[in-house]
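Structure first, commentary second.
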Amino acid sequence: MFTSIQNFIGATEELFALFNEEEEQLVEIAQIASDQELHGQITFKDLSFAYPMRSHELVLRNINIEISSNQLIALVGSSGAGKSTIASLLLSLHLPTKGSICFDDRDSSEFSISAIRHQIALVPQDIFLFGGSIRENIAYGKIDATDEEINDAALKANAMEFIERFPERFETIVGERGTQLSGGQRQRIAIARAVLKNPKILILDEATSSLDSESERLVQDALEKLMTGRTSIVIAHRLSTIRNADQILVMDKGQIAEKGTHKTLMKKTDGIYKNLSELQYNG
Ligand SMILES: Nc1ncnc2c1ncn2[C@@H]1O[C@H](COP(=O)(O)OP(=O)(O)OP(=O)(O)O)[C@@H](O)[C@H]1O
Ligand SMILES: [Mg+2]
């Protein structure tokens with residue numbers, strides 16, 4: 168009983184903390200105003216960042232990145248280097264501590280949070296499916312989507328193959344109280360969400376856990392289709408997936424240590440990327 172009470176008190180405290188959070192100004196947008204449209208160009212200007220709860224520790228230091236519209240950018244580097252943090256800053260989940268992020272040469276503060284989140288899709292490292300149907304979980308990318316749009320998104324995400332094997336198809340309940348989906352299946356639901364959203368900027372935070380080679384192939388194939396025609400930022404753990412990137416940014420302890428294409432980075436003697444690459448192919 169004592170542990171239950173302790174858990175209860177802990178949960179209540181968290182709940183009150185949540186109630187006290189300042190509300191973000193999010194509004195449903197039917198149509199993005201033309202001055203709020205993103206065209207896919209991104210600049211990080213001398214950006215440094217510390218998480219508010221650990222304000223003394225800079226997680227990102229003096230980051231400068233220039234991304235042109237429709238480029239494919241890869242972010243690589245060891246665990247804890249700050250890759251996912253870059254993704255959350257792009258989505259305005261946090262504000263830079265120093266420096267700035269610009270979209271199409273305009274400071275990100277000139278865009279509403281809603282406009283930013285409507286036009287940037289993130290396929291996260293840990294995919295969260297809420298208790299509900301597969302349909303609802305896909306439609307999360309666009310609440311008013313039609314059945315046809317959802318079907319189309321599932322097809323493009325290579326998710327139809329397993330959805331059709333469930334007797335209830337799109338109405339199958341997933342999550343804690345429903346059918347458990349495998350890692351690869353969850354990833355394809357998340358990709359379907361992003362397809363439906365049709366974002367100008369796509370961020371893929373690749374899962375660290377490896378998939379079996381068949382689902383890996385299905386996920387990779389769906390991602391490649393999704394990346395065309397928009398700015399894509401791929402946080403990659405398997406370097407084989409990013410060989411064709413326009414720019415590879417190698418992060419190390421919150422800084423960008425190396426920048427270039429696969430070809431130029433492989434020519435660097437004792438380069439971090441070169442070493443990682445050799446380890447992965449020969450290991
Ligand atoms: N919400 C948070 N609050 C405080 N510190 C955090 C938070 N999220 C991440 N960090 C810290 O920020 C640093 C960078 O974390 P981040 O998640 O960006 O790393 P990563 O490069 O994505 O690593 P991985 O490859 O393991 O996913 C780490 O030291 C981590 O402990
Ligand atoms: Mg991460």
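For reference, each letter of the sequence shown is one residue, going 168 to 450 in this note's numbering.
Backbone N, C-alpha and C define an ideal beta-carbon position, used for all residues, glycine too.
From the DSSP output, in three-state form, read off residue i for me.
i: valine 226; result: coil
i: threonine 398; result: strand
i: serine 300; result: strand
i: asparagine 187; result: helix
i: asparagine 411; result: coil
i: alanine 359; result: helix
i: arginine 273; result: strand
i: lysine 420; result: coil
i: phenylalanine 295; result: coil
i: glutamate 381; result: helix
i: glycine 247; result: coil
i: leucine 312; result: Checking the sequence shown, residue 312 turns out to be alanine, not leucine. Of the three classes helix, strand and coil, the one that applies to alanine 312 here is coil, per DSSP.
i: threonine 264; result: coil
i: alanine 254; result: helix
i: isoleucine 176; result: helix
i: isoleucine 457; result: Given that the chain is displayed from residue 168 to residue 450, the structure contains no residue 457 and the question cannot be resolved.
Going by C-alpha to C-alpha distance, which of the options sits closest to residue i?
i: lysine 364; options: Glu181, Leu393 and Glu233; result: Leu393
i: aspartate 213; options: Gln292, Glu189, Arg228 and Met327; result: Arg228
i: isoleucine 294; options: Gln208, Asn237, Gln352 and Ser246; result: Gln352
i: aspartate 280; options: Asp437, Glu181 and Leu258; result: According to the sequence provided, residue 280 is isoleucine. The question's aspartate does not apply to it. The candidate whose alpha carbon is nearest that of isoleucine 280 is Leu258.
i: isoleucine 240; options: Ser444, Lys434, Lys441 and Val417; result: Val417
i: lysine 367; options: Gly427, Ile283, Ser255 and Ser171; result: Ile283
i: arginine 336; options: Glu343, Glu328 and Gly342; result: Glu328
i: aspartate 319; options: Ile358, Gly342 and Pro291; result: Ile358
i: alanine 324; options: Leu369, Val226 and Val362; result: Val362
i: glutamine 422; options: Glu181, Lys250, Leu182 and Met220; result: Lys250
i: serine 246; options: His404, Gly438 and Ser236; result: His404
i: arginine 360; options: Leu378, Pro291 and Asp379; result: Pro291
i: glutamine 321; options: Lys309, Ile305, Met433 and Asp311; result: The residue asked about is misnamed: residue 321 is alanine in this sequence, not glutamine. Cα-wise, what sits closest to alanine 321 is Ile305.
i: valine 341; options: Ile409, Ser300, Ile310 and Gln354; result: Ser300
i: isoleucine 339; options: Gly298, Phe183, Asp379 and Thr313; result: Here the sequence assigns threonine to residue 339, which means isoleucine is not the residue at that position. Checked all of Gly298, Phe183, Asp379 and Thr313; the closest Cα to threonine 339 is Gly298.
i: valine 401; options: Lys309, Leu225, Val243 and Asp419; result: Val243
Rounded to whole angstroms, what is the Cα-Cα separation between residue i and residue j?
i: phenylalanine 216; j: serine 222; result: 9 angstroms
i: isoleucine 232; j: leucine 185; result: 34 angstroms
i: isoleucine 253; j: alanine 424; result: 15 angstroms
i: serine 201; j: glycine 266; result: 26 angstroms
i: isoleucine 199; j: alanine 412; result: 29 angstroms
i: glutamine 447; j: glutamate 343; result: 35 angstroms
i: serine 349; j: phenylalanine 333; result: 14 angstroms
i: isoleucine 439; j: isoleucine 330; result: 41 angstroms
i: isoleucine 209; j: serine 236; result: 8 angstroms
Using the rule of at least 16 other Cβ atoms within 10 Å of the residue's Cβ for burial, across every protein chain shown, is residue i buried or exposed?
i: threonine 179; result: exposed
i: glutamate 218; result: Sequence check: residue 218 is tyrosine here, not glutamate. By the neighbour-count rule (16 or more Cβ atoms within 10 Å), tyrosine 218 is not buried but exposed.
i: serine 444; result: buried
i: glycine 396; result: exposed
i: aspartate 372; result: buried
i: lysine 430; result: exposed
i: arginine 273; result: exposed
i: threonine 346; result: exposed
i: threonine 436; result: exposed
In the DSSP output, what is residue i paired with across the bridge?
i: methionine 168; result: Methionine 168 is not bridged to any residue.
i: alanine 326; result: Partner(s): none; alanine 326 has no beta bridge.
i: glycine 427; result: Ile415
i: phenylalanine 211; result: Ile232 and Ile268
i: isoleucine 287; result: Ile368
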